[in-house]
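Notes follow the structure.
Protein chains in written order, with this note's numbering: chain U, 22 to 390; chain E, 690 to 940.
Put into structure tokens, the structure is as follows:
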């Protein structure tokens with residue numbers, strides 16, 4: 022067996038052993054995930070059926086061909102990104118200097134990409150399938166269109182990935198940290214926040230959001246609408262990336278400052294003067310884009326507040342689970358299950374449960390200080 | 690005619706627009722244990738990455754066991770053992786599993802008994818069935834060394850491998866490297882800051898400053914110091930570095 026496959030087999034075996042060793046926690050996680058997905062399915066079922074019934078009436082050849090092309094493009098681009106990420110990882114991992122045939126590692130990457138794509142396709146099919154069978158109108162033309170796009174996408178991804186991915190030398194790429202421009206006179210803990218990459222450096226990571234949004238635009242959309250969508254998706258992508266980048270910086274900074282007599286709250290607060298204005302600006306652009314797109318002002322404000330709250334909640338959950346990072350997804354899931362459940366039962370109580378979740382995260386964080 | 694275990698001819702390397710190696714020449718024959726010494730940022734790790742094929746060179750040639758790394762990296766890597774950065778070892782695997790994967794990468798069916806014996810001598814055998822993520826830096830370093838030495842490659846390339854090792858493991862590793870060289874099994878290129886190690890262990894030494902080799906010490910000089918004043922080598926290195934600083938300032 023080749024080294025990469027053997028490594029993967031060992032990792033799976035160890036995960037399985039971990040799972041068996043802590044069966045009760047594994048079952049609890051699985052049950053929480055199933056509960057969350059069931060609630061989501063229940064919540065979105067009607068809307069999804071309405072969307073499918075509306076879409077079923079659009080059966081023009083152009084629509085169906087576009088749909089097939091879109092499915093293929095999503096698969097090809099996704100596969101290419103995954104393949105390039107694996108190739109970059111392989112270029113500097115612990116096996117990089119080993120005498121392994123290049124084609125062998127390429128084969129492994131192709132196998133990994135194919136596995137991921139098939140899993141994604143299966144999940145999408147399961148998610149969409151229930152609605153499709155229960156839609157009033159026949160969705161067969163759409164199904165065939167998507168399926169042909171998937172087959173085309175898989176074949177092209179395979180053909181493209183046979184060629185080696187041309188990799189820029191990691192060192193020849195400009196490090197994103199170089200784009201950080203710290204104002205003179207900044208000192209102390211404020212330097213931690215000031216070292217967060219500016220939006221311009223993070224933009225390439227958010228570009229896929231915009232590219233995805235552009236692909237969804239029908240033909241004949243005015244240029245102003247395209248600009249609004251670009252701003253909307255750009256601000257959303259940058260907001261999420263700001264949170265992810267801050268989480269990564271916070272994790273690293275906590276690591277090297279762990280032995281210092283620094284209260285957890287002070288370290289958490291050190292980033293706020295930089296993160297809050299940036300998040301505020303992005304959220305404002307997000308709200309303005311929605312308003313410009315023609316939505317009522319109250320809806321735009323609600324959407325902006327919702328995005329800001331979601332970011333703040335995720336930041337508080339990060340703070341609360343700083344000592345046990347693996348609990349972050351669990352805490353978020355529990356809070357979101359509570360929110361979705363409340364929306365189903367008493368929708369106006371949503372702000373209360375959101376505040377309660379944020380307070381819970383804050384109190385938990387303070388208890389661990 | 691003896692073939693060089695390693696021949697580095699006029700190697701240039703640029704990283705991110707900066708030239709980090711400027712025409713480096715080195716040669717190493719089986720049985721030799723060469724120390725690569727130099728200040729921080731002098732290019733030692735870059736040279737090692739170039740030798741192992743991890744950093745593509747912009748000019749020059751690297752031959753490992755007579756095979757050009759640029760032309761046939763697979764054959765060159767078969768003749769080379771490299772201890773990877775211990776922080777890059779996969780934390781989800783156990784030490785034994787990592788050795789199995791490394792053996793598979795070298796085309797060896799099972800982890801060789803010699804590696805397991807060395808694990809015993811380095812004091813890491815009792816950790817072998819635990820996950821790497823639970824290891825201390827020193828234990829990770831020991832497994833990285835075992836990976837480098839696995840399969841008895843004729844050239845060993847080791848970058849600061851003494852870091853984090855306890856006195857017994859450090860002693861055992863030095864003994865292992867010297868034994869391999871004396872038996873004519875391997876040549877060793879060892880990048881190190883530890884001049885006391887260099888003075889007692891090396892048969893050859895090279896001083897790398899600002900991406901080029903500024904000074905070489907031959908076996909006779911090292912032997913004289915070894916049997917005379919043990920701190921003489923340290924003084925010689927410091928003197929060479931000072932001379933270089935003065936020359937750079939004058940230029």
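Don't be surprised by glycine CBs; every beta carbon is placed ideally from N, CA and C.
Candidates the options, of which the one nearest residue i by Cα
i, options, result
"residue 906/E", "724/E, 746/E, 760/E and 777/E", "724/E"
"residue 899/E", "936/E, 859/E, 916/E and 887/E", "936/E"
"residue 914/E", "742/E, 716/E and 890/E", "890/E"
"residue 343/U", "300/U, 262/U, 78/U and 269/U", "269/U"
"residue 763/E", "112/U, 121/U and 71/U", "121/U"
"residue 69/U", "30/U, 150/U and 123/U", "150/U"
"residue 828/E", "934/E, 768/E and 778/E", "778/E"
"residue 887/E", "849/E, 835/E and 869/E", "849/E"
"residue 780/E", "820/E, 922/E and 741/E", "820/E"
"residue 145/U", "164/U, 132/U, 273/U and 213/U", "164/U"
"residue 304/U", "356/U, 57/U, 361/U and 261/U", "261/U"
"residue 181/U", "216/U, 84/U and 105/U", "105/U"
"residue 296/U", "61/U, 332/U and 380/U", "332/U"
"residue 213/U", "249/U, 380/U and 274/U", "274/U"
"residue 716/E", "728/E, 811/E and 693/E", "693/E"
"residue 357/U", "321/U, 383/U, 335/U and 266/U", "335/U"
"residue 341/U", "245/U, 378/U and 30/U", "378/U"
"residue 77/U", "101/U, 153/U and 323/U", "153/U"
"residue 266/U", "326/U, 339/U and 211/U", "339/U"
Under the three-state DSSP convention, the category residue i falls into
i, result
"residue 731/E", "coil"
"residue 113/U", "helix"
"residue 714/E", "strand"
"residue 850/E", "coil"
"residue 905/E", "strand"
"residue 297/U", "helix"
"residue 761/E", "coil"
"residue 898/E", "strand"
"residue 122/U", "coil"
"residue 202/U", "coil"
"residue 809/E", "helix"
"residue 245/U", "helix"
"residue 915/E", "helix"
"residue 274/U", "helix"
"residue 314/U", "coil"
"residue 281/U", "coil"
"residue 881/E", "coil"
"residue 387/U", "helix"
"residue 353/U", "helix"
In DSSP terms, what residue i is bridged to
i, result
"residue 708/E", "703/E"
"residue 267/U", "Residue 267/U is not bridged to any residue."
"residue 893/E", "723/E"
"residue 751/E", "697/E"
"residue 823/E", "Answer is none; residue 823/E lacks a bridge partner."
"residue 783/E", "820/E"
"residue 876/E", "844/E"
"residue 770/E", "845/E"
"residue 756/E", "753/E"
Environment of residue i [buried if 16+ CB atoms lie within 10 Å]
i, result
"residue 92/U", "buried"
"residue 178/U", "buried"
"residue 398/U", "No answer is possible for residue 398/U: the residues shown for chain U start at 22 and end at 390."
"residue 126/U", "buried"
"residue 942/E", "This structure cannot speak to residue 942/E, because chain E is shown only from 690 to 940."
"residue 856/E", "exposed"
"residue 831/E", "buried"
"residue 783/E", "buried"
"residue 818/E", "exposed"
"residue 809/E", "exposed"
"residue 110/U", "exposed"
"residue 79/U", "exposed"
"residue 43/U", "exposed"
"residue 347/U", "exposed"
"residue 754/E", "buried"
"residue 41/U", "exposed"
"residue 160/U", "buried"
"residue 847/E", "buried"
Scan the segment 779-812 of chain E for residues whose Cβ lies nearer than 9 angstroms to a Cβ of chain U and list them as they occur along the chain.
779, 781, 782, 783, 786, 787, 789, 790, 791, 792, 793, 794, 795 and 796
Output needed in chain order: residues of the segment 734-758 of chain E with a Cβ under 8 angstroms from some Cβ in chain U.
741, 742, 743, 744 and 745
Short-range partners of chain U found in the segment 762-780 of chain E, where Cβ spacing is below 7 angstroms:
763, 766, 767, 771, 773, 777, 778 and 779
Which of the residues in the segment 345-371 of chain U, read from start to end, lie with their CB under 8 angstroms from any CB of chain E?
The residues in question: there are none.
Taking any Cβ of chain E, which residues in the segment 115-128 of chain U have a Cβ under 7 angstroms from it, in chain order?
115, 116, 117, 118, 119, 120, 121 and 122
Return the residues of the segment 24-51 of chain U that lie within a Cβ-Cβ distance of less than 7 angstroms from chain E, sorted by chain order.
24, 27, 28, 31, 32 and 35
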